[in-house]
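Here the sequence shown is numbered in this note's numbering, starting from 2 and rising by one per residue. We put the CB at the ideal spot given by N, CA and C, even for glycine. Everything on this sheet refers to the single structure shown next.
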Amino acid sequence: MTDLYPVDPAFASQARISGEDYQRDYQTSVRDPEAFWKQAAQRLDWYKAPTRIKNVSYDLDDFRIRWFEDGELNASVNCLDRQLEKRGDKTALLFEPDSPDAASYPVTYRELYERTCRLANALRALGVQKGDRVTIYMPMIPDAAVAMLACARIGAIHSVVFGGFAPNSIADRVADCGSKLIITADEGLRGGRKIPLKANVDAALKLPGTNSVETVLVVRHTGGAVDMQMPRDRWFDAVVEGQPAECEPERMNAEDPLFILYTSGSTGKPKGVLHTTGGYLLYAAYTHEAVFDLREDDVYWCTADVGWVTGHSYIVYGPLANGATALMFEGVPNYPDMSRFWQVIDKHQVTLFYTAPTAIRALMREGEEPVKKTSRKSLRLLGSVGEPINPEAWRWYYEVVGDSRCPIVDTWWQTETGGIMITPLAGAIALKPGSATLPFYGVQPALVDANGEVLEGATEGNLVLLDSWPGQMRSVYGDHQRFIDTYFRTYPGTYFTGDGCRRDEDGYYWITGRVDDVINVSGHRIGTAEVESALVAHPKVAEAAVVGFPHDIKGQGIYAYVTLKAGEAPGDDLVKELVAWVRKEIGPIATPDHLQWAPGLPKTRSGKIMRRILRKIAENAPDQLGDTSTLADPGVVDSLVSERKVK
Ligand code: PRX
Numbered sequence: 002m003t004d005l006y007p008v009d010p011a012f013a014s015q016a017r018i019s020g021e022d023y024q025r026d027y028q029t030s031v032r033d034p035e036a037f038w039k040q041a042a043q044r045l046d047w048y049k050a051p052t053r054i055k056n057v058s059y060d061l062d063d064f065r066i067r068w069f070e071d072g073e074l075n076a077s078v079n080c081l082d083r084q085l086e087k088r089g090d091k092t093a094l095l096f097e098p099d100s101p102d103a104a105s106y107p108v109t110y111r112e113l114y115e116r117t118c119r120l121a122n123a124l125r126a127l128g129v130q131k132g133d134r135v136t137i138y139m140p141m142i143p144d145a146a147v148a149m150l151a152c153a154r155i156g157a158i159h160s161v162v163f164g165g166f167a168p169n170s171i172a173d174r175v176a177d178c179g180s181k182l183i184i185t186a187d188e189g190l191r192g193g194r195k196i197p198l199k200a201n202v203d204a205a206l207k208l209p210g211t212n213s214v215e216t217v218l219v220v221r222h223t224g225g226a227v228d229m230q231m232p233r234d235r236w237f238d239a240v241v242e243g244q245p246a247e248c249e250p251e252r253m254n255a256e257d258p259l260f261i262l263y264t265s266g267s268t269g270k271p272k273g274v275l276h277t278t279g280g281y282l283l284y285a286a287y288t289h290e291a292v293f294d295l296r297e298d299d300v301y302w303c304t305a306d307v308g309w310v311t312g313h314s315y316i317v318y319g320p321l322a323n324g325a326t327a328l329m330f331e332g333v334p335n336y337p338d339m340s341r342f343w344q345v346i347d348k349h350q351v352t353l354f355y356t357a358p359t360a361i362r363a364l365m366r367e368g369e370e371p372v373k374k375t376s377r378k379s380l381r382l383l384g385s386v387g388e389p390i391n392p393e394a395w396r397w398y399y400e401v402v403g404d405s406r407c408p409i410v411d412t413w414w415q416t417e418t419g420g421i422m423i424t425p426l427a428g429a430i431a432l433k434p435g436s437a438t439l440p441f442y443g444v445q446p447a448l449v450d451a452n453g454e455v456l457e458g459a460t461e462g463n464l465v466l467l468d469s470w471p472g473q474m475r476s477v478y479g480d481h482q483r484f485i486d487t488y489f490r491t492y493p494g495t496y497f498t499g500d501g502c503r504r505d506e507d508g509y510y511w512i513t514g515r516v517d518d519v520i521n522v523s524g525h526r527i528g529t530a531e532v533e534s535a536l537v538a539h540p541k542v543a544e545a546a547v548v549g550f551p552h553d554i555k556g557q558g559i560y561a562y563v564t565l566k567a568g569e570a571p572g573d574d575l576v577k578e579l580v581a582w583v584r585k586e587i588g589p590i591a592t593p594d595h596l597q598w599a600p601g602l603p604k605t606r607s608g609k610i611m612r613r614i615l616r617k618i619a620e621n622a623p624d625q626l627g628d629t630s631t632l633a634d635p636g637v638v639d640s641l642v643s644e645r646k647v648k
């Protein structure tokens, strides 16, 4: 029997949404989405309020997803201008630097507005126009948000690339969307180490396909030395200086693109997930307010990086559209010591805290002492995102971090969904450790079997969504067909999430993880195909196959099987060399945890690699290999099992 944590009556008595509200409004939202979302759209400021609310067909021959299609608005106006009257002096972003010895500081809504306007004017002066793409490769500093909002203000489409990605990954993303301009910083700081952001951009721009970039704006952050290549490279301070602190916003149609964010899929290179202005912003703002039970005086902290969708929706767009105070942290949980998160919570009196299971598991391993020496009295709600949270980590988060006082919202969603989809609402829904519980308004999950048959009742299957919601991605940038093929062809008439899921007797959803070739490492998505193509790009590698395996801290780790070219000798030095190679090609998040030499890979007679078998070997479950009779050479499996790396 699973534990049930009933809704806390004290929390519920103050909460925005009660159990009754949820039941009633959820029913309305799926019975009459037009009425529900027309009403919800009023939470944004529109130049022209939408009259056409939803225009969606998942029919492959007549495919369209449009929300609020005749509405007009500007996202930066919703996040900034409209806050000025009531909240001009309120802290919009509260910056906490990497080192606790450096100064933290607030950025008010008025300052954020002015900084955004100055940059927006500067971008226009540099020739950036509506529809142009701008790549943002930044540390976690307020200027990252300024950069995003300035793009939104002039209708440029931003593509934020996580600061941990290597030059190759930057170049791929710049080339794919043809960015005209890059905004970066001299260096970033993480755990006392410097990250050479500008140098990485320089290296990326030497790679093929990046000629579209005309200008690189460089924020002076650490003051470290960088090469400035004139006239391409410009200091950020110099170009914004003298620009007016007001900037006429671009009037955007609700369906005009707001941003591209690259994410890994089963095959090929990462795809540019495209989100549009009206539906995305509305969905991010609504979910942020509802799921975190936001109040005017909350200090809200999401530990994600703006390079991921969580940072887009729940550090920048959602919180700012709601006039909230969001903490922005440049550092890491274990620097200078294992207490840092909790010290920051005390220092800034954080009330709402949103982090990833991988961080919780890593901190849990250090015991209670680093937590217990802090107060954390300010906290009133905790959140989890990015991967399934195991019940043990959930309980530790609840009991030790939250002192059994704070409800936990385990929020399931994806880059593609734009915002939270399945989640408890703390005043409305009883919690079960490890379950994301019930769908948010307008979200219609279903479980299907391999043939696409919808399964009823308590069961397990592939998670699909039966209808659209405003925050849904609209396309893969530059490849609309790939969008349709990836998400709508597997189970026709539905959006396929790529996740497996169980539903229990109370109708609660339990995400079991990806069912495709995507690995979720510490809450970050890595495509097996990306790691494989990095490995085979090494001159000594003939073939590679990469799978995920269960990892105590990271959730999943990366396990690589490598076949060397004839004449190449395997050895520990070459293992190190190949691991370093992948880090250099993609970035540290793609570092293989284990690399096993494979004289041969298990393949079908038609030459297809049987990953199912490789996964079982990596999991150390050689007794569950299943049917190997279709293999071209079954002997390959025996040798891989006997040579297996992880004990
Ligand atoms: O497998 C699910 C997992 O993360 C995937 C989405 O990754 P990404 O697009 O990078 O977005 C992460 C932040 C929203 C999903 O397909 N995932 C995300 N949240 C949860 C989760 N798995 C279980 N429980 C969650 N709360």
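Give the DSSP-derived three-state secondary structure of residue i in the structure shown.
| i | result |
| --- | --- |
| K648 | Model confidence at K648 stands at a pLDDT of 47, short of 50, so the residue's coordinates are unreliable; what they give is reported in the following sentence. Coil at K648, not helix or strand. |
| C248 | coil |
| F260 | strand |
| K272 | strand |
| A325 | coil |
| L632 | strand |
| Y399 | helix |
| G608 | coil |
| R44 | helix |
| T592 | coil |
| G572 | coil |
| L208 | coil |
| G428 | coil |
| Q344 | helix |
| A226 | coil |
| T304 | coil |
Closer than 7 Å: is that where the CB of residue i sits relative to any heavy atom of ligand 1?
| i | result |
| --- | --- |
| D294 | no |
| V477 | no |
| P471 | no |
| Q1 | No statement about residue 1 is possible, as the shown extent of the chain runs from 2 to 648 and does not include it. |
| R613 | no |
| E457 | no |
| I512 | yes |
| V389 | At residue 389 the sequence reads Pro, which differs from the Val that was named. Flag set: Cβ of P389 near ligand 1. |
| G210 | no |
| G524 | yes |
| R515 | yes |
| D306 | no |
| D411 | yes |
| T311 | yes |
| A437 | yes |
| T491 | no |
| N323 | no |
| T264 | yes |
| N521 | yes |
Going by DSSP, what residues sit across from residue i in a beta bridge?
| i | result |
| --- | --- |
| V563 | A545, W598 |
| S385 | T356, D411 |
| A186 | V220 |
| L74 | M253 |
| R504 | T460, Y510 |
| P107 | L95 |
Assuming the contact rule is C-beta atoms closer than 8 Å, residue i and residue j should be a hit. Round their C-beta distance to whole Å, please.
| i | j | result |
| --- | --- | --- |
| G703 | T359 | Here the chain has residues from 2 to 648 only, and residue 703 is not among them. |
| T268 | A633 | That pair is no contact at about 22 Å. |
Open item on the list: Could you check whether the region 237-257 touches the region 115-127, counting it as contact only if at least three pairs of C-beta atoms, one from each stretch, sit closer than 8 Å?
Closed with: yes
Open item on the list: With a threshold of 8 Å, are at least 3 pairs of Cβ atoms found where one atom belongs to the region 365-383 and the other to the region 511-518?
Closed with: no
TODO: For the region 274-282 and the region 68-84, state whether three or more C-beta atom pairs, one from each stretch, are separated by less than 8 Å.
DONE: Under the Cβ criterion (8 Å, minimum of three pairs), the region 274-282 counts as touching the region 68-84.
- [ ] State whether the region 495-505 contacts the region 452-471, with contact taken as three or more CB pairs (one from each stretch) at a distance under 8 Å.
- [x] yes
TODO: Tell me, please, whether the region 411-422 touches the region 472-484 by the rule of three or more beta-carbon pairs shorter than 8 Å.
DONE: yes
- [ ] Indicate whether the contact test is met: 3 or more Cβ pairs, each with one atom in the region 208-226 and one in the region 98-113, closer than 8 Å.
- [x] no
- [ ] Answer yes if the region 302-309 comes into contact with the region 157-166, meaning at least three C-beta pairs across the two stretches below 8 Å, and no otherwise.
- [x] yes
Open item on the list: Closer than 8 Å is the cut-off here; do at least three beta carbon pairs connect the region 47-64 with the region 31-39?
Closed with: yes
- [ ] Indicate whether the contact test is met: 3 or more Cβ pairs, each with one atom in the region 196-208 and one in the region 619-634, closer than 8 Å.
- [x] no
Task: Validate contact between the region 533-545 and the region 583-603 using beta carbons, cut 8 Å, 3 pairs - done: yes
TODO: Would you be able to state if there are at least three C-beta pairs under 8 Å between the region 565-577 and the region 608-620?
DONE: no
TODO: Decide yes or no for the touch test of the region 430-437 against the region 235-246: beta carbon pairs closer than 8 Å, at least 3 of them.
DONE: no
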